[in-house]
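Colleague: Residue numbers for the sequence shown, in mature numbering (1 follows the signal peptide of the UniProt record, and there is no 0): -24 to -1, 1 to 376.
A virtual CB, placed ideally from N, CA and C, is assigned to each residue, including glycine.
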Amino acid sequence: KEMPSVLSVHVLVLMACMTASGMCQINSAEAEKGSLVQSTGLYSTISPSTGPSVHLGASGADAQAVVSGSSNETVVKRLIPPPMCLQMTSINDYFKYINTTISVIVFVVGLVGNATLLRIIYRNKCMRNGPNALIASLALGDLIYIFVDIPITAYKLLASRFPFSESSFGLCLCKFVPFVQKASVGITVLTLCALSVDRYRAVASWSRVQGVGIPLFTVIEIVSIWVLSLILAVPEAVGFDIITFSYRNETMRTCMLSPKSNFMMFYKDAKDWWLFGFYFCVPLACTGFFYTLMTSEMLNHRNGSLRIALSEHLKQRREVAKAVFCLVLIFALCWFPLHLSRILKKMVYHSNDSSRCELLSFLLVLNYLGMNLATFNSCINPIILYFVSKKFKNYRYESM
């Protein structure tokens, strides 16, 4: 029974790897996803004929002149910038179409899967409980991300430019898309934490049979998750802007993070570590902590007549716990490559390193593969629940 899920995951990963292998460069329009082009000394350009490409130039410090000498003689020394990476690669149309196909698959599967999930929970009264309410919140956040981000990303790849960049609507879109991105990821992260806590509470109070209906505490949890996620995404809306630059005597405009205040400069410098710490490590640490407590609690109450009497109810709780653990595991697998590329860029990449060109190509491929896998996470949760949870599988057949 598990073979279809394993096969589908392998196919998705294979397609992502095929796409990533055809791309060693990303354009500045993709910088809003935390790409590598925002580092000092690294800038991207877009050629109408060859597609996006990346060059390595001198950093701001390398371009400054140093004046020294006596009053009779002035010697001007210029620090020699590192040579540019001569080998240029670009996105072939073949791989553009592969990536667009992947985006369409994620869009359709995510739309149908998450909408079906919401429909099952809404139409079946016995499915309206605390854990399923959190899962519905997770699905709604993924739906918003799918509707907003995937079409824009596919357009940027095919057109090699940000849509409506010449108009005020384009500016609003430039601020809205990264805001929705971060809010959606925040909803996912905080919901996974809430589900882990909920599973521990369910096991710790294993003698209490939960009735039908969504508890008030869960409603407060969901509202708090959405409010906090929206607040944490505000810097994205503030910092992103339409940037104008020249390339080959042609004026071009794109959307990227452009800090204009001290706080936004700090946010830009600390962003990669902040994303890795809060949006990746926190849900894993929370799940590990509460699942350890949950395991200890279950081992301490292995025996007892009441537990035997409630065996069917406990089986359902274990099933939900297994589903939540699978959601967290897939989240980690989908997001790890993207965070790894960002952290490696911060710690390993140096603009004056003689071997930086090879490292840059590797990091760009890893970053691009990571972005594709992160996108998969928005459509894969309903598939996981379908294969792990018998209830969702049964109600899915009834809803068809």
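Exposed or buried, what is residue 379 when buried is set at 16 or more other beta-carbons lying within 10 Å of its beta-carbon?
Modeller: Outside the shown range of the chain, which is -24 to 376, sits residue 379, and nothing can be said about it.
Colleague: Go ahead and label residue 260 buried or exposed: buried means 16 or more other beta carbons lie within 10 angstroms of its beta carbon, across all protein chains shown.
Modeller: For this step, residue 260 is matched to residue 284 along the sequence shown. Residue 260 is buried by the Cβ-count criterion.
Colleague: With DSSP as the reference, please indicate the residues paired to residue 219 in a beta bridge.
Modeller: Here residue 219 corresponds to residue number 243 of the sequence shown, with the count starting at 1. Beta-bridge pairing links residue 219 to 230.
Colleague: Hey, would you say residue 229 sits closer than 7 Å to residue 141, going by beta carbons?
Modeller: The residue you call residue 229 lines up with position 253 of the sequence shown. The residue you call residue 141 lines up with position 165 of the sequence shown. With contacts defined as CB atoms closer than 7 Å, residue 229 and residue 141 qualify as a contacting pair.
Colleague: What separation, rounded to the nearest whole angstrom, lies between the Cα atoms of residue 201 and residue 71?
Modeller: The residue given as residue 201 occupies position 225 in the sequence shown. The residue given as residue 71 occupies position 95 in the sequence shown. In a straight line, the C-alpha of residue 201 is about 38 Å away from that of residue 71.
Colleague: Does DSSP put residue 235 in a helix, a strand or coil?
Modeller: Locating residue 235 in the sequence shown gives position 259, counting from the first residue. Residue 235 falls in the coil class under three-state DSSP.
Colleague: Report the option in 257, 113, 346, 97 whose CA atom is closest to the CA atom of residue 189.
Modeller: Locating residue 189 in the sequence shown gives position 213, counting from the first residue. For residue 189, the nearest C-alpha among the options comes from 97.
Colleague: CB residue 339 to CB residue 309, shorter than 7 Å?
Modeller: Working through the sequence shown from its first residue, we reach residue 339 at position 363. Working through the sequence shown from its first residue, we reach residue 309 at position 333. Cβ distance not < 7 Å, so residue 339 and residue 309 don't count as in contact.
Colleague: Is residue 347 closer than 7 Å to residue 314 when the C-beta atoms are compared?
Modeller: As a working note, residue 314 is residue 338 in the sequence shown. As a working note, residue 347 is residue 371 in the sequence shown. Yes, Cβ-Cβ distance for residue 314 and residue 347 is below 7 Å.
Colleague: If you draw a straight line from the C-alpha of residue 363 to the C-alpha of residue 299, how long is it?
Modeller: Translated into positions along the sequence shown, residue 363 becomes position 387. Translated into positions along the sequence shown, residue 299 becomes position 323. Rounded to whole angstroms, residue 363 to residue 299 spans 9 Å at the Cα level.
Colleague: With DSSP collapsed to three states, give me the class of residue 259.
Modeller: Sequence index remark: in the sequence shown, residue 259 carries index 283 (1-based). Residue 259 falls in the helix class under three-state DSSP.
Colleague: Write down the C-beta distance between residue 122 and residue 87 rounded to the nearest angstrom, noting that I regard them as a contact closer than 8 Å.
Modeller: As a working mapping, residue 122 is identified with position 146 in the sequence shown. As a working mapping, residue 87 is identified with position 111 in the sequence shown. That belief holds up - the Cβ atoms of residue 122 and residue 87 are roughly 6 Å apart, short of 8 Å.
Colleague: Quick check on residue 127: does DSSP put it in helix, strand or coil?
Modeller: The sequence position of residue 127 within the sequence shown is 151, counting from 1. Three-state result, residue 127: helix.
Colleague: For chain C, is any of its Cβ atoms less than 7 Å away from the one on residue 240?
Modeller: Absent from the structure: chain C. Only one protein chain is present.
Colleague: Residue 138 to residue 148, Cα distance in whole Å?
Modeller: Counting from one through the sequence shown, the residue named residue 138 turns up at place 162. Counting from one through the sequence shown, the residue named residue 148 turns up at place 172. Cα-Cα distance, rounded: 12 Å.
Colleague: Taking residue 106 and residue 174 to be in contact with their CB atoms under 8 Å, please state how far apart those CB atoms are, rounded to whole angstroms.
Modeller: Taking the sequence shown and counting its residues from 1, the one referred to as residue 106 is at position 130. Taking the sequence shown and counting its residues from 1, the one referred to as residue 174 is at position 198. Yes, they are in contact, since the Cβ atoms of residue 106 and residue 174 sit about 6 Å apart, within 8 Å.
Colleague: Just the Cα atoms here: how many angstroms apart are residue 84 and residue 249?
Modeller: For the purposes of this step, residue 84 is identified with residue 108 of the sequence shown, where counting begins at 1. For the purposes of this step, residue 249 is identified with residue 273 of the sequence shown, where counting begins at 1. The alpha-carbon atoms of residue 84 and residue 249 are separated by roughly 32 Å.
Colleague: Can you find the residues in the same chain that come closer than 7 Å, C-beta to C-beta, to residue 205, ignoring five residues on each side of it along the sequence?
Modeller: Here the question's residue 205 lines up with position 229 in the sequence shown. 159, 162, 163, 166.
Colleague: Taking the alpha carbon of residue 273 as the point to measure from, which residue in 177, 102, 133 has its own alpha carbon closest?
Modeller: Sequence index remark: in the sequence shown, residue 273 carries index 297 (1-based). Among 177, 102, 133, the Cα nearest to that of residue 273 belongs to 177.
Colleague: When the Cα atoms are used, what is the spatial distance from residue 79 to residue 179?
Modeller: Working through the sequence shown from its first residue, we reach residue 79 at position 103. Working through the sequence shown from its first residue, we reach residue 179 at position 203. If I take the Cα positions, the gap works out to 39 Å.
Colleague: Just mark residue 102 as buried or exposed, buried being the case when its beta carbon has 16 or more other beta carbons within 10 Å.
Modeller: What you label residue 102 is simply residue 126 of the sequence shown in a count that begins at 1. Exposed.
Colleague: Can you list, in chain order, the stretches of the alpha helix (DSSP H) that have 4 or more residues and sit fully within the segment 138 to 196?
Modeller: Within the segment 138 to 196, the runs of alpha helix (DSSP H) that reach at least 4 residues and sit entirely inside it are, in chain order, 144 to 180.
Colleague: Near residue 150, which residues of its chain fall below 7 Å by C-beta distance, leaving aside the five closest residues on each side in sequence?
Modeller: Along the sequence shown, one-based indexing puts residue 150 at 174. Closer than 7 Å at Cβ, skipping near neighbours: 138, 216, 217, 218, 231.
Colleague: Report the option in 104, 239, 368, 268 whose CA atom is closest to the CA atom of residue 192.
Modeller: Counted from its first residue, the sequence shown places residue 192 at position 216. Measuring from the Cα of residue 192, the nearest candidate turns out to be 104.
Colleague: Taking buried to mean at least 16 other C-beta atoms within 10 Å of its own C-beta, is residue 266 buried or exposed?
Modeller: Against the sequence shown, residue 266 aligns to sequence position 290. Residue 266 is classed as buried because its beta carbon has at least 16 other beta carbons within 10 Å across all chains shown.
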